[in-house]
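Novice: Chains as they are written, first to last, in our numbering: chain A, 1 to 381; chain E, 1001 to 1381; chain H, 2001 to 2381; chain P, 3001 to 3381. Even for Gly, the Cβ is constructed at its ideal location relative to N, Cα and C.
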C-alpha cells in the first residue's frame, strides 16, 4: 500500500507460468513482447513451472523465462512472483488458481475455467474474495482480443446493427477427420470432460455473449461421435467424448444463436465463423482471416447495400494502432498479447478484468445444459 | 399406344400451366427455351390458366402461351393438353394435381407438394395409380438441377468425399428484416401453413437428401418469430408463422445435418448455402454464386489441400454443355429449364421423374416433425 | 411516316439475323425472350441466314426463327425485314452492314466493328447517312449491359468515386493454354486480324471508355505469342497473332488505365476483371461473378471503409427489376437481352443507340495504336 | 578460426541495429523472437544506433536492445558486435554497409539496396571481398520469407506449373490517395530517388525473379504522378516522384510479367498481389491474406479444376512448422523473423545468404531501366 492507502504496482511485476506446451508457448510470446507495443507496467518472466525438470528448463530458455521450477506450490509462495499464469491441464486449474489467489497473486487461467461446475464455483468464490483485496483474476478467452471481434462488439454496442436477432457461430476443425488418428486423453470423458463441446464450443459461446453483451438463458443441443473407436496402445479403444456438437441458444435480449462445432470437418483447420444479423445491420467473421470483418450497414440505400470487407488494421481499430501501418496484418498469437495487455492495465488500475471467473462459470453452465439437453429424445419419422 | 404396345409421345406435347405469378413467369421461361438448348420432345405452350381473365390474357401474351383460360377444370379435360404444370398456391395443389392425373395428364407441381400431410398423401396415391398407366408426375425442387449441385451429388456418389459425416445447410433471406414490412397471407398459418420452414427449409431438406442419396430418420428443431406483429389493413396484426427455423437431422447412413433458415437475415438475399464434410473430401456451395462449387479433395497431400473453386461450366458438368463456352455463367432461371428437360425426357422414355410425389411427401414429413419437436422444452439455465 | 411526318415503328418489327454459331445462338436467345421481360416494340424472328442450307434450317428451327435463307442480299431487300442483326465473321461486317443500312434497315453488328480501320470508316460513313433518315445502328459491346457495370457507370457519373485516377482491366481466358490445341482461322493474322487483342482487349477498352465516359488519347503496349506453332492439317503451322497483350492508356480526363489480356491464362475461363480507383471511391468487378459489384466508399470513416459486395439484383439496379426477386442471379446471356431491349427502344423513339459505329471505330483505333506501339523497342538490361 | 581452420561462430553473436523507425521496430521483433521458434545460433541484441540520443535510448528499452548509441562508426568497430543490421534511410546504406563489411561484420541491409546504381555497385564490390573471408551479407526483401510465397517457389521449381508464361504482379496502397496528405521527403526525387517505383515495385520485381528463379532481360514502363502538388510547410510544393508505375518485363526463360504499383489505389492498404500462369498450373497470392495461396493444378480433369485456397500453415509448408497448429495464422512481422533465421543459419554454416547484394543490384537495374523506358513516347491517337 502507498502512503495514501492506494495499492502500488510492484515494479517490475514478476510472472510465473505453469505449463509450457501449446498454450505455454503462446502465452510466453505475449509476456515477451507486450511491452514492445503497449504501455504496460514493467513485467519480468521470472519462472516457468513444469513436471519434467529437464524439459521445463529447455522451454524456459527458449521462451525467455529466467528460471525453471517443478513445484508450483513453492513458486506461488515466492515474494518476487506477483502474477500466476496457469496453462496447465484443466483438471489442475482449480487447485492452482485457488491457492495462488489465496497467496495474493493475480491469476490468469486458460479456458475452460475448469473441468467441472463444482471446481468452477470454488474458483469463483476464491476470485471474489481476492478481488476485495485488489487481487485480480481472468479467464483466457483470447478471441475477445481479436481486433476484428472487439471492433464488432463496438459496432453492436453503438447500435449500428440495431436489435440483434440471429447469431450463427461455428467452430470447425479437422484434426480428428482421419479415423486412424490415435486415441489420446482428449478423447476420454474422464480426463477431458467433453470433446469439441468444451474445447471449442466454449469459445463460440463466450464470443456470442461478449459480442452481444448479453447472457444465454436456455439451450437445446445435440452431441455426436462419428468415429467411435480409435487405435490406442493396446488396440482399438472407445472414444467417450463428442466429435461434434450443435446447439441453439436463447439470449435474454431476445436474440437466438446457433452453435455448431466439429473436429472432423475436413478442410477446416481453425475456422471460428460468426455471423450476426440485426434489424439495421449485419456482420460476419472467420478466424482463418482474423484481420478482416465483413460489415453490412442496413442504413444504406438498398442498391448500395453489401457486406464490406474491413481490414481491421486502422489506427482507430481496437489494439491495431500499436502494430504496423494499415494493411500489415497480425497473427493469431497476438490475441494473447492483447489479453496480457488488458490484464496488466487492470492490475495497474485496480479494476476487474473481463472475462472474469464468473463469466467463465457462465460458459460452463451453458455447456452443461447442452449436454443435459442432448439426453432429450429427438422426433423419429 | 403404338402398334407394338409402346406408348408414343404425342407431337407436339401440349402444355397447360396454372398460375402466372413469380413461379409462372419462371416456368414459362423454361417452356419457351428448353428446346433451343436440349434435345427434348416437341412441346407447345397451349394455354395459361388464371382467375382474372384480363390479367391472365396479358400474361399469356407476354410469356408465350397461345391461349388464356380461367377454368382449370375445362383445361385439364382438353385433348390437346398432355402436361399440366401447377404453379397455383399450395392450397390448390392437391385438387388440381389429382384431377389432372386422373385425366391422364402428366403433372409437374411446384414445391412444397401441398400444405398438409393428408393432401400430400392423396397426391401420392394418385401419382402411383397414374404411373401404372405411363402418366408421370414430379415435384419442383428445382435446385436439384443447379449444375453445381448435380455435380456435387455425382462427386459424393462416386465416393470422392468418402463417408459423409456432417452437413450444414442454411437458407437465408432478408425480405422480412424490416419490421414495417406489411402483413400478407404468407405470414398467417391458416393460409401459408408455415413460414420460412415450409418455404425455404423444404429446399434445404430436399437438397440434403438429394446430395447424399439418403433419408432423414429423426429430427430435433426450433422455430421462432422475431417480428410478432406487422401492419395490416386495419392496424397491427399477429404474425402466426415462423421467421426462422433451426433443426438437426439424422440420416439413415449415419450423417448428421444442421439446417438453419431465416427471412430476417439482413444482407442475405437468396443465400442457400450447403457444406458437406466426408471422411475423404468436402464441398461447399452458395446459391448466390450458383455457377461455382468449392471442392476439397482429402486424397491430396496435406500441403496441397484446399477448397478449390470449380466454375461449373465445363462440357463435362451436368447440363452445362448445352449452354455457352466455359466461364460464361448461367442464371437462376435455368434450374427450371433443366427441370423441364428432365421431365420431358422421362415422359418420352416412360420412366419415373425424380423428385417424385413420394419424395415431396417425405420432405413434408420432416417439416412436420420439426414443428412437433419445437414443442419440446429446451433446458433453462 | 405518320400523318405528322414522324416515323412510325412497323408492328411487328421483322428481324433477320446473319450467322448462327456462338453469337447467333446468344442473339437468338435475346430476340426470343426480350418481350417477356421488357416493354419493347413487338418483334418477329423472321429469317435466319447462313451459307449451308441444311444447317441454317436446323438452327432456325431450334432458335425460333420462322424461316431460313442462304442469300443475305435477298434477305435485306425484303419489305418485312426491318432489322438486320449481323453475327457473321468480322471480314463480312462492312459489306453486309453498309448494304443493309443503304436498304434502310436498322443494323446491329457484333464486335469488333470490322477487321480493318478502312472498313470501319466505311461503316461509320454509312451509319451517319442512315441516321439522318431515322435508320439506327449499333455495335454489340454487350458487356455495357451487365447490370453491375451499368450500375458502376452510374456511380462514377454521380461522382461517388470522385476523380478517376487509375483503372485496371484484364480479360483472361485459357482455351489456348494447351499447346496441342489445333491451328484455326482465329490464329492467322490474315483471317482474324489479331489475337487476344481484337477479340477480348476490345471489350476491355470499350468498357473503360464506357465506365469513365471518357476517351483514350494515347497508348503504349506490347503483344506476345507464347505458343508459336500449333498442329494444323499438314503438320505444325505458325501462329501469326498474339496470345496475350498488355497496354497502358491515357484518358483525356487524366486517368491512366492498364489492360492485360490473354488466352493462355490457365484456370481463367472468362474472367474480365475491372478495378477503378478514384479520389473518393473505388470499385471492382469480375465477369465470372457478373451479378456482383464491389464498391468502396471513401467518404466513410477510415475504420468503416471496405469493399462491399453488392449483389446487383435490386429493383433499383439497371435492368434488374425486370427479372427475379433480389438474390436470384441472372446469366451471361442476358447482356444480349438487355442490348436488344435498348436497341429496340432507340428504334421506337428514333434516338441513336450507343455504342454507335463511331464508338466501335474509336476502339479499333486504340487497338491499332497498341499494335503500332509494340513495334517500339523496350529497354534491354 | 578453429584449430581445423574452420570459422567458428562467436557465441552469442552480438547484433547492432542502425535505425529504429518502422523497419527498426519490425527487425527488433525478429531479433527478439527468432530463437523461441527456430534453432539458430545464440544472438544478443547488443546496441541500437540512432541520431537522437534520447529517442534511441527509449526505443532500445522498448524493443529489447541492451544499449543505445548515436555513432555508428564506433559501434561497428566494437569487438562484441558481429552483425550489423541497417534500417537507416537508403541514402546511408552504402556508407554504413561498406564500412561494416570492411570491419568484418556480417551485414543485413533493408531494401532497396541503395538510392543509386553507383552506390549499389560499391556495395556489391564490398560484399564480394568480404564473402571471401566468410563475412556474409544480405538485402532485406522480406517477402521471400512469406511461407505462401516460399511454397509457391517450391511448386514452380518442382514443375507443378510447367513452363511459366505470364506473371501479373501488383502492389497497391492508398496512403497518398488523399490529395491533402502533406509533402514529405518521400515525395522528393533528391531524397527518395523515386516514388512507388523504388518503394514497392522493387518488392514486386524481386518477387517475380525469386518465384521463377529467373532474371529480367528487358523492360518497358511508364510512371505517373496523379497529385502533382501537395501542402508543405510554406504552401503547395511540387511532388517530384511517381505515385504509380507500370511495366512489362521479359524474363530470360521466356515468361512475360506485368507490374503495376500505386500509392493512390483507394481501398488497397498493403496489397501485393501476384498471379503466375504456366502451361500446367497457376497460382495467385495477396499479401493482405498472407497465410493463403491459391493453386490450380492443370493436371486434374477439366471438370475438377479450380483455384484451391491452401492455408499455408501445415508442418510441411516452409517455416510454418515452427509456429502454431494448422489454421492458426501468422502475421506480416514474421517475414522478418524468417529472414533473420535464414541469415543466422547462413552465418553459422558459412554459406552465402540470398538475396545477395548482387540480387539487390539487379533489382535496381530493372528499376532504372523502367525509368529510362518511361522517357520513350507513347503513341497518340
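Of all the options A:360, A:345 and A:281, which has the alpha carbon lying nearest to the alpha carbon of residue 35 of chain A?
Specialist: Measuring from the Cα of residue 35 of chain A, the nearest candidate turns out to be A:345.
Novice: Using a Cβ-Cβ distance under 8 angstroms, would residue 290 of chain A count as near chain P?
Specialist: It does: the Cβ of residue 290 of chain A has a partner Cβ on chain P nearer than 8 angstroms.
Novice: Exposed or buried, which one is residue 307 of chain A when buried takes at least 16 other CB atoms within 10 Å?
Specialist: Looking at its Cβ environment, which holds 16 or more other Cβ atoms inside 10 Å, residue 307 of chain A is buried.
Novice: By the DSSP assignment, the beta strand (DSSP E) with residue 2128 of chain H in it spans what residues?
Specialist: That residue, residue 2128 of chain H, is in no beta strand (DSSP E); its alpha helix (DSSP H) goes 2117-2132.
Novice: Nearest chain P C-beta to residue 142 of chain A closer than 8 angstroms, yes or no?
Specialist: Taking Cβ atoms only, chain P never reaches closer than 8 angstroms to residue 142 of chain A, which makes this a no.
Novice: To the nearest whole angstrom, what separates the beta carbons of residue 271 of chain A and residue 287 of chain A, a pair I think is in contact under 8 angstroms?
Specialist: Correct: roughly 6 angstroms between the Cβ atoms.
Novice: Verify whether the separation of the beta carbon atoms of residue 283 of chain A and residue 152 of chain A is less than 8 angstroms.
Specialist: Going by C-beta atoms, residue 283 of chain A is nearer than 8 angstroms to residue 152 of chain A.
Novice: For chain P, check one thing: does any of its Cβ atoms lie closer than 8 angstroms to the Cβ of residue 1314 of chain E?
Specialist: It does: the Cβ of residue 1314 of chain E has a partner Cβ on chain P nearer than 8 angstroms.
Novice: Along chain A, in chain order, which residues have C-beta atoms closer than 8 angstroms to that of residue 3420 of chain P?
Specialist: Since the displayed chain P opens at 3001 and closes at 3381, residue 3420 of chain P lies outside it and no answer follows.
Novice: Under 8 angstroms between C-beta atoms, does residue 2265 of chain H make it to chain P?
Specialist: Residue 2265 of chain H counts as touching chain P.
Novice: Does chain E have any CB closer than 8 angstroms to the CB of residue 2330 of chain H?
Specialist: Taking Cβ atoms only, chain E reaches closer than 8 angstroms to residue 2330 of chain H, which makes this a yes.
Novice: Just the chain E side, please: which residues come within less than 8 angstroms of residue 2386 of chain H by C-beta, in chain order?
Specialist: No information on residue 2386 of chain H is available, as it lies outside the stretch 2001 to 2381 that chain H covers here.
Novice: Residues bridged to residue 138 of chain A by DSSP?
Specialist: Paired residues: A:108.
Novice: On the CB-based measure, 16 or more other CB atoms within 10 Å of its CB, does residue 3011 of chain P come out buried or exposed?
Specialist: By the 10 Å Cβ count, residue 3011 of chain P comes out exposed.
Novice: Step through the CB atoms of chain A and report whether any lies within less than 8 angstroms of the CB of residue 3038 of chain P.
Specialist: By this cut-off, residue 3038 of chain P is not an interface position.
Novice: Quick one: any contact between the stretch 3290-3297 of chain P and the stretch 3172-3184 of chain P, if contact means 3 or more CB pairs under 8 angstroms?
Specialist: Judged by Cβ distances under 8 angstroms, the stretch 3290-3297 of chain P makes no contact with the stretch 3172-3184 of chain P, as fewer than three pairs qualify.
Novice: Check for me: the alpha helix (DSSP H) holding residue 3191 of chain P runs from which residue to which?
Specialist: Start and end: 3189-3192.
Novice: At least one CB of chain E closer than 8 angstroms to the CB of residue 3165 of chain P: is that the case?
Specialist: With 8 angstroms as the cut-off, residue 3165 of chain P does not count as an interface residue toward chain E.
Novice: Which bits of chain A does residue 1246 of chain E rub up against, with CB to CB less than 7 angstroms?
Specialist: 248 and 258, listed in chain order.
Novice: Is there a Cβ of chain A sitting closer than 8 angstroms to that of residue 2273 of chain H, yes or no?
Specialist: Output row for residue 2273 of chain H: interface = no.
Novice: Residue 2281 of chain H versus chain P: which residues are under 9 angstroms apart at the beta carbon?
Specialist: Within chain P, the residues near residue 2281 of chain H are 3266 and 3267.
Novice: Report the residue from A:201, A:264, A:241 and A:281 whose alpha carbon sits nearest the alpha carbon of residue 249 of chain A.
Specialist: Answer by Cα proximity: A:201.
Novice: Start and end of the alpha helix (DSSP H) containing residue 2236 of chain H?
Specialist: Counting along the chain, residue 2236 of chain H falls outside any alpha helix (DSSP H), though it belongs to the beta strand (DSSP E) covering 2235-2238.
Novice: Going along chain E, which residues have a C-beta under 9 angstroms from residue 421 of chain A?
Specialist: With chain A covering only 1 through 381, there is no way to say anything about residue 421 of chain A.
Novice: Let me confirm a value: residue 1299 of chain E is counted as buried when at least 16 other C-beta atoms fall within 10 Å, else exposed. Which label applies?
Specialist: So residue 1299 of chain E counts as exposed.
Novice: Between residue 317 of chain A and chain H, is there a C-beta pair that is closer than 8 angstroms?
Specialist: Cβ-Cβ to chain H under 8 angstroms: yes for residue 317 of chain A.
Novice: Which value, in whole angstroms, describes the spacing of the CA atoms of residue 3254 of chain P and residue 2232 of chain H?
Specialist: Rounded to the nearest angstrom, the two C-alpha atoms are 24 angstroms apart.
Novice: Got a sec: is the Cβ-Cβ distance from residue 306 of chain A to anything in chain P below 8 angstroms?
Specialist: By this cut-off, residue 306 of chain A is not an interface position.
Novice: Tell me the rounded alpha-carbon separation between residue 3121 of chain P and residue 3361 of chain P.
Specialist: Residue 3121 of chain P and residue 3361 of chain P: Cα-Cα distance of roughly 7 angstroms.
Novice: Looking at C-alpha atoms only, which residue of P:3037, P:3219 and P:3147 is the closest neighbour of residue 3316 of chain P?
Specialist: Among P:3037, P:3219 and P:3147, the Cα nearest to that of residue 3316 of chain P is on P:3147.
Novice: If residue 2075 of chain H and residue 2016 of chain H are in contact, beta carbons under 8 angstroms, what's the gap, nearest whole angstrom?
Specialist: Right, the Cβ-Cβ distance comes to about 5 angstroms (below 8 angstroms), so this counts as a contact.
Novice: Note down the Cα distance separating residue 3178 of chain P from residue 2279 of chain H, rounded to an integer number of angstroms.
Specialist: In a straight line, the C-alpha of residue 3178 of chain P is about 7 angstroms away from that of residue 2279 of chain H.
Novice: Counting only the same chain and skipping the five closest in sequence on each side, list residues whose C-beta sits under 6 angstroms from that of residue 3240 of chain P.
Specialist: The residues are 3188 and 3189.
Novice: How close, in whole Å, do the beta carbons of residue 2385 of chain H and residue 2097 of chain H come, if the pair is a contact with beta carbons under 8 angstroms?
Specialist: The shown model of chain H, from 2001 to 2381, leaves out residue 2385 of chain H, and the question about it has no answer.
Novice: In angstroms, rounded to a whole number, what distance separates the CA positions of residue 363 of chain A and residue 1095 of chain E?
Specialist: One C-alpha to the other measures close to 53 angstroms.
Novice: So, at 7 angstroms on beta carbons, what are the nonlocal neighbours of residue 77 of chain A in its own chain, with the 5 sequence-adjacent residues on each side left out?
Specialist: The answer, listed in chain order, is 103.
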